[in-house]
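Okay, structure first, notes after.
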Amino acid sequence: MTAHRSIPHEPMRPLWRCRNCAAEWPCQPARLALLREYEDDVTALLVYLGGQLLEAREQLRLLNPGRPIDLTARFITWARRGEP
Numbered sequence: 004m005t006a007h008r009s010i011p012h013e014p015m016r017p018l019w020r021c022r023n024c025a026a027e028w029p030c031q032p033a034r035l036a037l038l039r040e041y042e043d044d045v046t047a048l049l050v051y052l053g054g055q056l057l058e059a060r061e062q063l064r065l066l067n068p069g070r071p072i073d074l075t076a077r078f079i080t081w082a083r084r085g086e087p
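Residue numbers for the sequence shown follow my numbering, beginning at 4 and rising by one.
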């Protein structure tokens, strides 16, 4: 019998793709997990995501010099509305 290893929906840096599903992180499953984890403290979720946004922006700028990068909707907007 083969053991099934679950891969978490976490960012793969510096690409900022999900390690599990390869979607842009935070992917849908990651958003749902974050909303559950921070359900009692949306402010803490926004602080966490703001830090992740800054890190992602720096790393993605290095990979794509000269391209404008706006990650607000990807990292912040959905969390403020509480929608994955």
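C-beta atoms are modelled at their ideal positions from N, C-alpha and C, and glycine is treated no differently.
Remember, it's a predicted structure, so these values are computed and weren't measured experimentally.
Legend entry - Minimum length 4: unbroken alpha helix (DSSP H) runs contained in the region 6 to 49: List check, alpha helix (DSSP H) in window: 31 to 40.
Inset, instruction - Could you tell me whether the Cβ atoms of W19 and A59 are closer together than 7 Å? - result: Between W19 and A59, the CB-CB gap stays under 7 Å.
Inset, instruction - Return yes when the Cβ of F78 is within less than 7 Å of the Cβ of L52, no when it is not. - result: Contact: yes.
Inset, instruction - Closer than 7 Å by C-beta to C30: which residues in its own chain qualify, once you throw out the five before and the five after it? Chain order, please. - result: Around C30: H12, C21 and C24.
Legend entry - Option in I10, L56, E42 and R34 with minimal Cα separation from L74: When only C-alpha atoms are compared, the closest one is L56.
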